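Using our numbering, the first residue of the sequence shown is number 142, and each one after it goes up by one.
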Amino acid sequence: MADRKPIDSWLTDMDGVLIHEGVPIPGADAFLKKLRESGKPFLVLTNNSIYTPRDLHARLRRMGLDVPIENIWTSALATAQFLDDQRPEGTAYVIGEAGLTTALHDIGYILTDHEPDYVVLGETRTYSFEAMTKAVRLINDGARFICTNPDETGPSAEGALPATGAVAALITKATGKQPYFAGKPNPLMMRTGLNTIGAHSETSAMIGDRMDTDVLAGMEAGMQTFLVLTGLTRPEQVEDFPYRPSKVVDSIADLVDRI
Ligand SMILES: [Mg+2]
Numbered sequence: 142m143a144d145r146k147p148i149d150s151w152l153t154d155m156d157g158v159l160i161h162e163g164v165p166i167p168g169a170d171a172f173l174k175k176l177r178e179s180g181k182p183f184l185v186l187t188n189n190s191i192y193t194p195r196d197l198h199a200r201l202r203r204m205g206l207d208v209p210i211e212n213i214w215t216s217a218l219a220t221a222q223f224l225d226d227q228r229p230e231g232t233a234y235v236i237g238e239a240g241l242t243t244a245l246h247d248i249g250y251i252l253t254d255h256e257p258d259y260v261v262l263g264e265t266r267t268y269s270f271e272a273m274t275k276a277v278r279l280i281n282d283g284a285r286f287i288c289t290n291p292d293e294t295g296p297s298a299e300g301a302l303p304a305t306g307a308v309a310a311l312i313t314k315a316t317g318k319q320p321y322f323a324g325k326p327n328p329l330m331m332r333t334g335l336n337t338i339g340a341h342s343e344t345s346a347m348i349g350d351r352m353d354t355d356v357l358a359g360m361e362a363g364m365q366t367f368l369v370l371t372g373l374t375r376p377e378q379v380e381d382f383p384y385r386p387s388k389v390v391d392s393i394a395d396l397v398d399r400i
């Protein structure tokens with residue numbers, strides 16, 4: 142990494158990097174404090190589309206982590222940014238929670254089940270058969286199929302939960318149409334985030350706990366990548382992938398002095 146430019150801005154994944162099962166990872170607080178004091182642009186990323194940045198700010202605050210609302214970037218925001226670029230002031234039928242509906246309202250989208258431009262699928266805990274039936278019929282009638290993120294399962298204290306990618310597969314099976322996924326590992330999520338904070342990929346770094354989403358998307362967006370071992374990846378798994386992070390570190394605590 143000797144010939145790389147200094148890092149002027151930071152993107153970091155949330156789960157497995159800053160928090161784990163509702164508890165801050167040691168070093169996360171110091172890392173965020175140093176980032177805030179440095180004045181460098183940064184974003185905390187999550188593929189979770191349930192919550193608004195305001196909700197996530199409050200949830201992190203309760204865990205003792207201070208991330209300003211404007212420094213939170215979700216797959217719902219990336220999806221909304223994508224749709225605003227593609228078809229400004231369009232219409233969408235949405236399956237999802239406030240994180241997604243608020244993001245779409247904020248870019249001037251009209252939410253409707255009458256001939257929408259798009260069907261937009263996000264995460265919810267209450268997928269209804271009626272809503273999925275409506276989505277299938279609207280896609281069959283020509284609505285374009287967009288999904289916030291491809292994650293097939295999500296974590297919970299009791300075990301795996303079916304997530305957005307699994308529900309998208311159901312709709313794909315019923316319609317024959319593949320969705321466009323806006324969230325990680327699509328580097329679009331990084332690029333839209335970098336644009337939002339006025340940062341450039343060649344002087345930015347991405348921190349994550351997963352090779353197949355965080356490191357892949359960061360690498361494809363042209364950023365330096367740091368893999369932490371406080372989440373899903375074990376050190377011996379890194380070599381199984383055809384790509385590698387710029388650096389593997391034990392935890393976020395090891396990156397405080399790089400800011
Ligand atoms: Mg993670």
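The C-beta atom is built at its ideal place from N, Cα and C for all residues, glycine as well. Source: prediction; values computed, not measured.
### Query
Can you pull every residue whose C-beta falls closer than 7 Å to some heavy atom of ligand 1, listed in chain order?
This criterion selects D154, M155, D156, G157, V158, G349, D350, R351, D355, G372 and L373.
### Message
So, with DSSP's three-state summary, where would you put M142?
### Response
Here M142 scores only 48 on pLDDT, less than 50, and its place in the model is too uncertain to base an answer on.
### Query
Contact check, N212 vs L184 under 8 Å by CB: the rounded distance?
6 Å
### Query
Does M352 have its Cβ less than 9 Å from a Cβ in chain B?
Given the protein chain composition of this structure (a single chain), no chain B is represented.
### Query
Under three-state DSSP, which class holds M273?
helix
### Message
Which residue wins for smallest C-alpha separation from R351, given the options L245, K314, G157 and V235?
### Response
Taking R351 as reference, the option from L245, K314, G157 and V235 with the minimal CA-CA separation is G157.
### Query
When burial is assigned at 16 or more other CB atoms within 10 Å of the CB, is F367 buried or exposed?
buried
### Message
Taking the beta carbon of G349 as the centre, do at least 16 other beta carbons fall within 10 Å, making it buried, or is it exposed?
### Response
buried
### Task
Just tell me which of R266, P165 and S179 has its CA closest to the CA of L302.
R266
#### Entry: C-beta contact flag for D355 and G324 at 9 Å
no
### Task
With distances taken Cα to Cα, identify the nearest neighbour of Q227 among R285, A276, G363 and F172.
R285
### Task
Taking only the alpha-carbon atoms, compute the straight-line gap between I148 and D282 and give it to the nearest angstrom.
47 Å
### Query
With a Cβ-Cβ cutoff of 9 Å, do A272 and L252 count as a contact?
no
### Message
Can you confirm whether the segment 208-225 touches the segment 255-263 when touching is taken to mean that 3 or more C-beta pairs between the two stretches lie within less than 8 Å?
### Response
yes
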